[in-house]
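Trainee:
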Amino acid sequence: MDIARTPSIADGNPQMADAPPVPAQPPLIRRADYKPFPWLVPETRLHFDLGIENTRVVSTLKVVPNPDAAADDVIRLNGDGLQVSSVKLDGLPVKNWEMDGPDLVLPLSAGAHEIEIVNDVSPEKNSQLMGLYASNGMLCTQCEAEGFRRITFFPDRPDILSTYLVKMEGPVAQFPVLLSNGNKVSAGESAGGRHWAEWHDPWPKPSYLFALVAGDLVARTDSFTTMSGREVDLAVWVRAEDLPRTEHAMDSLKKSMKWDEEAFGREYDLDVFNIVAVSDFNMGAMENKGLNVFNTKYVLADPDTATDGDYDAIEGVIGHEYFHNWSGNRVTCRDWFQLSLKEGFTVLRDQLFSQDMQGEAVKRIEDVRVLRAVQFPEDSGPLAHPIRPDSFREISNFYTATVYNKGAEVLRMMRTMAGPVAFRQGTDLYFERHDGEAATCEDFVKAMEDGAGLDLRQFRLWYSQAGTPKVEVSLTHKGDTATLALKQTVPPTPDRIAKKPMPIPLRLALFDRDSGSHDGEQLVILSEAEKTIAFEGFARSPVLSINRGFSAPVSIEREVSTEDLVFLAAHDDDPFARYEAMQDLVVAHLVAVCSDSLTGAAQEAGRKAIAGALRKVLTDDRLDDSMRGELMMLPGQTYLAEQFLVADPGRIHAEREALKVALGVALESELIALHERASTLPATLDHASRGARKVKAQALVYLAAGNPDVAAKMAAAQYDAAQTMTDRQGALMVLTGLPGVARTDRLIDFYNRYRGNELVVDKWFALQASSLHPDAIEHVKALANHPDFNLRNPNRVRSLYMAFAGNPHAFHAASGEGYRMIADLILALDPINPQTAARFVPPLGRWRRIEPQRAALMRAELERIAATDGLSRDTYEQVTRSLG
Ligand code: 0A1
Ligand code: ZN
1243 MDIARTPSIA
1253 DGNPQMADAP
1263 PVPAQPPLIR
1273 RADYKPFPWL
1283 VPETRLHFDL
1293 GIENTRVVST
1303 LKVVPNPDAA
1313 ADDVIRLNGD
1323 GLQVSSVKLD
1333 GLPVKNWEMD
1343 GPDLVLPLSA
1353 GAHEIEIVND
1363 VSPEKNSQLM
1373 GLYASNGMLC
1383 TQCEAEGFRR
1393 ITFFPDRPDI
1403 LSTYLVKMEG
1413 PVAQFPVLLS
1423 NGNKVSAGES
1433 AGGRHWAEWH
1443 DPWPKPSYLF
1453 ALVAGDLVAR
1463 TDSFTTMSGR
1473 EVDLAVWVRA
1483 EDLPRTEHAM
1493 DSLKKSMKWD
1503 EEAFGREYDL
1513 DVFNIVAVSD
1523 FNMGAMENKG
1533 LNVFNTKYVL
1543 ADPDTATDGD
1553 YDAIEGVIGH
1563 EYFHNWSGNR
1573 VTCRDWFQLS
1583 LKEGFTVLRD
1593 QLFSQDMQGE
1603 AVKRIEDVRV
1613 LRAVQFPEDS
1623 GPLAHPIRPD
1633 SFREISNFYT
1643 ATVYNKGAEV
1653 LRMMRTMAGP
1663 VAFRQGTDLY
1673 FERHDGEAAT
1683 CEDFVKAMED
1693 GAGLDLRQFR
1703 LWYSQAGTPK
1713 VEVSLTHKGD
1723 TATLALKQTV
1733 PPTPDRIAKK
1743 PMPIPLRLAL
1753 FDRDSGSHDG
1763 EQLVILSEAE
1773 KTIAFEGFAR
1783 SPVLSINRGF
1793 SAPVSIEREV
1803 STEDLVFLAA
1813 HDDDPFARYE
1823 AMQDLVVAHL
1833 VAVCSDSLTG
1843 AAQEAGRKAI
1853 AGALRKVLTD
1863 DRLDDSMRGE
1873 LMMLPGQTYL
1883 AEQFLVADPG
1893 RIHAEREALK
1903 VALGVALESE
1913 LIALHERAST
1923 LPATLDHASR
1933 GARKVKAQAL
1943 VYLAAGNPDV
1953 AAKMAAAQYD
1963 AAQTMTDRQG
1973 ALMVLTGLPG
1983 VARTDRLIDF
1993 YNRYRGNELV
2003 VDKWFALQAS
2013 SLHPDAIEHV
2023 KALANHPDFN
2033 LRNPNRVRSL
2043 YMAFAGNPHA
2053 FHAASGEGYR
2063 MIADLILALD
2073 PINPQTAARF
2083 VPPLGRWRRI
2093 EPQRAALMRA
2103 ELERIAATDG
2113 LSRDTYEQVT
2123 RSLG
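This is the structure:
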């Protein structure tokens, strides 16, 4: 770029570059516009003089022309709100640089150069939690996606790979521990109670993987011997009082390291692996090379303060971040449009890991439940985008369930089509070909074609087309032939109306009604818009089990009898399909009830059929409790709402609750018996005890609907006797929804018992915000004024308001008060932490799929936000897309 044509904010050298006001319309960045950067930065040296109020950064970059890019006579270094103190080029001070908006632009002649820039940042003022920030007196960083530019000037894009040598210095008393990426190479004391440490990361990496941590931390340490016999020092760093809660995190790390060697042949590549837990964090965790930074939520656990679900989530997230060392770090992304290259792949890897650790069936069911609750609505709403988006204004808005979870499903389909062995050959080839590179989704697909022997020409559409495909299924029977007719449609989305058919791998089986068995599963790939397949040898019409294991992320539509669903719920040998039959049974019933298409008698018959199927689930002693707990769960409100073009959330909620009442009444004795039997298991972490705790919580949910007095007594007793957080929280969840003294007493007890434990107090906020209590809105308003509520801590904000936004009867209150509260939150949070604020827009953005009165209220709140001056890029983009 020619500097003469660059608009400049100053004639001389501005000592201070204020963050520019956000333009009315932040620019749209397009995938098609990708161009390699004219310069490479093979080496980066950083010096940090650390302070909470002010940190001085000296950055020295070796730059050389990029042989694969068009030459330029300037270098553009991205910045974001930085104060420049000085710039040197090849050792000499220069003044001919300019600020172009937030970026620093420096003229540069061809050849190799060294650029030194000195700038200051203020960690304590950084409430966005991007770049270098302070959390509980410690300093830490978050650089993905574009946070490094808030630390120093740099070509802050993932295709610029550099080795980093980092020296940091600060007061020993305040920052006894100094960590960065890679291996520690030296350390020492300096005058005035100060010390320093130097870290070197030999693996070239993009700036988004840079990390630094300085603080008063202690570590649980351990070691791991890799498959080639190298010893790696492991450490999990936390505040001293949290040390007893780090054992599970360390175990999870060691399991992840071993699993990645066995399942994907991936070995760790540094002498140390550090994990640091921080209380203030926008997301779950971050895979910085050799120095993962985690939200405390995904590190700290003991049975008294963490639920079984928390234990599993910790194992999954530790695995996820660790697996990024190969899928993300050794092979990174060329640009942010390729985000699913690392995220979809790493989610698939963490799902397979958790399946191996916890059991395949239940994990698959949980993953599909999340996909349907979060990704399906995204794919059918105004924020729909392909797993490889074509454009964005703010990349933080694209860390979505589509890029992550649907991305994982797309790769899982390749694995289903290739088989696990060939899929592994594909991933081996991908890692071998692209190690040390910034790659694209296309590179991955090509490696899969070459390594796994798949033809993925048509399959590539899964990367470019958004929207959840619909597959209409019908099975007819004549003579001894069953004929399956399949028809696919990919719905229009805001980015594209006309869509092409995509290959949809469907695992299916045809059951003989009499024997209850089938002759083997088949994989049918539906590549065309329509297809019919004949199956011979069926004297009677068989029962079809389709999309077994959820082999494709599609929605299946078919006319199926209640009788067939009851059959599958009891007999299907694919555990997912069994779960699915239970779900379908309930979905079909509730959709019909909410559409007023059932007579009173038909409604009664439907409830009876569901009660009968659920009774079998409660009493089938071949089922293990963990699976039983899954089969007991009713489809969630959002998934139910997805079944309607225009949903009435009030009606859906009321009918879903009414069904719970009916089931709670009809099955009271079975539910009580199940609860009693499960209560005899010990409070240990083994599979059977965990399953028992799951069914106890589910039993209480139905009993609370059917017989609130009995349920309140049982829940209070469970609460009082609880030896685990799973039991205590399960009981309190039910009590919180039931008016009465047991509720108040136990809520007070819970708070007093765990006061000061941030993560457990988060649960206390969330339980009340998500409760069935009729006054939940009032409770949330009161909690917003609680002394422990704090807009600056994302976990606390989410614990109150995400829980509230997911609570249908409160968020969708017909008055519109719930919508107003979320809009008020967005406006209050946006100036503090835009990334977290923008995450609250999607619940309001669903207005088009909601009945007209509520839709108008939701839209009005979006318009109120849109009309506010000075919105962040994050919130601006989400709100304008949602208004469409
Ligand atoms: N790469 C991380 C997710 C992540 C993204 C952005 C962040 O900035 C606040 C933090 C974390 C992962 O997939 O785990
Ligand atoms: Zn990730």
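If you're matching positions, the sequence shown starts at 1243 in the working numbering and goes up one per residue. Ideal Cβ positions, reconstructed from N, Cα and C, are used throughout, including at glycine.
(1) Under a three-way DSSP split, which group does VAL1264 fall into?
(2) Please report the residue range of the alpha helix (DSSP H) in which ASP1592 lies.
(3) What does the alpha-carbon distance come out to for the pair ALA1660 and ASN1537?
(4) When we look at the beta-carbon of THR1968 and count the other beta-carbons within 10 Å, is it buried (16 or more) or exposed?
(5) Taking all protein chains shown into account, decide if THR2117 is buried (16 or more other Cβ within 10 angstroms of its Cβ) or exposed.
(6) Is VAL1903 near the ligand ZN, with its Cβ less than 8 angstroms from a heavy atom?
(7) Would DSSP call LEU1980 helix, strand or coil?
(8) Is DSSP giving ALA1433 helix, strand or coil here?
(9) If you run the structure through DSSP and keep just helix, strand and coil, what is LEU1512?
(10) Go through its chain and collect everything with a Cβ distance to GLU1651's Cβ below 6 angstroms, but skip five positions before and after it.
(11) For GLY1373, report the span of its beta strand (DSSP E) as first-last.
(12) Count the C-beta pairs between the stretch 1613-1623 and the stretch 1639-1646 that are closer than 8 angstroms, then say yes if the count reaches three, no if not.
(13) Express the C-alpha separation of ALA1505 and LEU1671 in angstroms, rounding to a whole number.
(14) Contact check, PHE1565 vs ASP1592 under 8 angstroms by CB: the rounded distance?
(15) Suppose you measure from the CA of PHE1701 to the CA of VAL1829; what does that come to, to the nearest Å?
(16) Relative to the C-alpha of GLU2119, which residue among LEU1590, PRO2084 and ARG1738 is closest?
(17) Using only alpha-carbon positions, find the residue among LEU1927, ALA1900 and CYS1836 that is nearest to SER1868.
(18) Which first and last residues belong to the alpha helix (DSSP H) in which PRO2050 is found?
(19) Short of 8 angstroms in beta carbon distance, which residues of its chain neighbour SER1465, apart from the five on each side in sequence? Order them along the chain.
(20) Less than 7 angstroms between C-beta atoms, sequence neighbours within five positions excluded: which residues of the same chain meet that for LEU2071?
(21) Quick one: using the 10 Å Cβ neighbour count with 16 as the cut-off for buried, is THR1549 buried or exposed?
(22) Can you tell which of ASP1401, GLY1430, SER1404 and VAL1408 has the C-alpha that lies nearest to the C-alpha of VAL1414?
(23) Any idea which residues DSSP pairs THR1467 with across the strands?
(24) Which whole-angstrom value is the C-beta distance of LEU1512 and GLY1532, which I expect to be below 8 angstroms?
(25) Following a CB-centred definition, is TYR1553 positioned closer than 8 angstroms to any heavy atom of the ligand 0A1?
(26) So, using beta-carbon positions, are ILE1271 and PRO1397 closer together than 9 angstroms?
(27) Check the DSSP bridge columns for GLU1651 and list the partner residues they point to.
(28) VAL1937: which of ILE1852, HIS1917 and ILE2068 sits nearest, CA to CA?
(29) Would you grab the beta carbon distance between ALA2097 and ARG2090 for me? Rounded to a whole angstrom, and I think it's under 8 angstroms.
(30) Of all the alpha helix (DSSP H) runs that stay within the bounds of the stretch 1527-1562, which reach a length of 4 or more residues?
(31) Secondary structure at PRO1950, three-state DSSP: helix, strand or coil?
(32) Keeping to the same chain, check which residues put their C-beta closer than 8 angstroms to that of SER1470; ignore five residues upstream and five downstream.
(33) Going straight from the alpha carbon of GLY1389 to that of LEU1653, what length do you get?
(34) What residue from ALA1433, TYR1406 and ALA1555 has the CA that sits closest to LYS1426's CA?
(35) Determine the closest residue to TYR1553 out of PHE1417, SER1521, PHE1595 and SER1494, with distance taken between C-alpha atoms.
(36) Only counting runs of 3 or more residues, tell me where the beta strand (DSSP E) segments fall wholly within the stretch 1321-1357, in order along the chain.
Mentor: Reading from the atomic positions:
(1) At VAL1264, the pLDDT of 48 sits below 50, so the modelled position is not reliable and the matter cannot be decided from this model.
(2) Segment 1581-1600, the alpha helix (DSSP H) holding ASP1592.
(3) If I take the Cα positions, the gap works out to 36 angstroms.
(4) Looking at its Cβ environment, which holds 16 or more other Cβ atoms inside 10 Å, THR1968 is buried.
(5) By the neighbour-count criterion, in which a residue is buried when 16 or more other Cβ atoms sit within 10 angstroms of its Cβ, THR2117 is buried.
(6) No, the beta carbon of VAL1903 sits no closer than 8 angstroms to any heavy atom of the ligand ZN.
(7) The answer is coil: DSSP assigns LEU1980 none of H, G, I, E or B.
(8) The DSSP-derived three-state label of ALA1433 is coil.
(9) Coil at LEU1512, not helix or strand.
(10) Once the five neighbours on either side are set aside, the close Cβ partners of GLU1651 are PRO1795.
(11) Start and end: 1373-1377.
(12) Yes: the two stretches touch, three or more of their Cβ pairs being nearer than 8 angstroms.
(13) The alpha-carbon atoms of LEU1671 and ALA1505 are separated by roughly 15 angstroms.
(14) The C-beta separation of PHE1565 from ASP1592 comes to about 6 angstroms, placing the pair in contact by the 8 angstroms criterion.
(15) Between the alpha carbons of PHE1701 and VAL1829 lies a distance of about 30 angstroms.
(16) For the residues LEU1590, PRO2084 and ARG1738, the minimum Cα distance to GLU2119 belongs to PRO2084.
(17) Checking every option, the nearest Cα to that of SER1868 belongs to LEU1927.
(18) Here the alpha helix (DSSP H) through PRO2050 covers 2050-2053.
(19) Cβ neighbours of SER1465 beyond the five flanking positions: GLU1473, VAL1474, ASP1475 and LEU1476.
(20) Excluding five sequence positions before and after LEU2071, the CB atoms of its chain that fall closer than 7 angstroms to its own CB belong to LEU2033, VAL2039, THR2078 and ALA2079, given in chain order.
(21) Label assigned to THR1549: buried.
(22) Of the candidates ASP1401, GLY1430, SER1404 and VAL1408, the one whose C-alpha sits nearest the C-alpha of VAL1414 is GLY1430.
(23) DSSP, once it has assigned bridges, lists GLU1473 as partnering THR1467.
(24) That pair is a contact at about 5 angstroms.
(25) Because no heavy atom of the ligand 0A1 lies under 8 angstroms away, the Cβ of TYR1553 does not count as near it: no.
(26) Contact check for ILE1271 against PRO1397 fails: the beta carbons are separated by 9 angstroms or more.
(27) For GLU1651, DSSP records no beta bridge to any residue.
(28) Of ILE1852, HIS1917 and ILE2068, the residue nearest in Cα terms is HIS1917.
(29) Contact flag correct, Cβ pair sits at about 7 angstroms.
(30) If we require 4 residues or more, the stretch 1527-1562 turns out to have no alpha helix (DSSP H) run fully inside it.
(31) Helix at PRO1950.
(32) Annotation for SER1470: GLU1509 place their beta carbon closer than 8 angstroms to its own, counting only its chain and skipping 5 residues before and after.
(33) Taking the CA atoms as reference points, GLY1389 sits about 29 angstroms from LEU1653.
(34) Per the Cα distances, TYR1406.
(35) Restricting attention to PHE1417, SER1521, PHE1595 and SER1494, the CA atom closest to the CA of TYR1553 is found in SER1494.
(36) With a minimum length of 3 residues, the continuous beta strand (DSSP E) runs that stay inside the stretch 1321-1357 are 1325-1331, 1340-1342 and 1345-1349.
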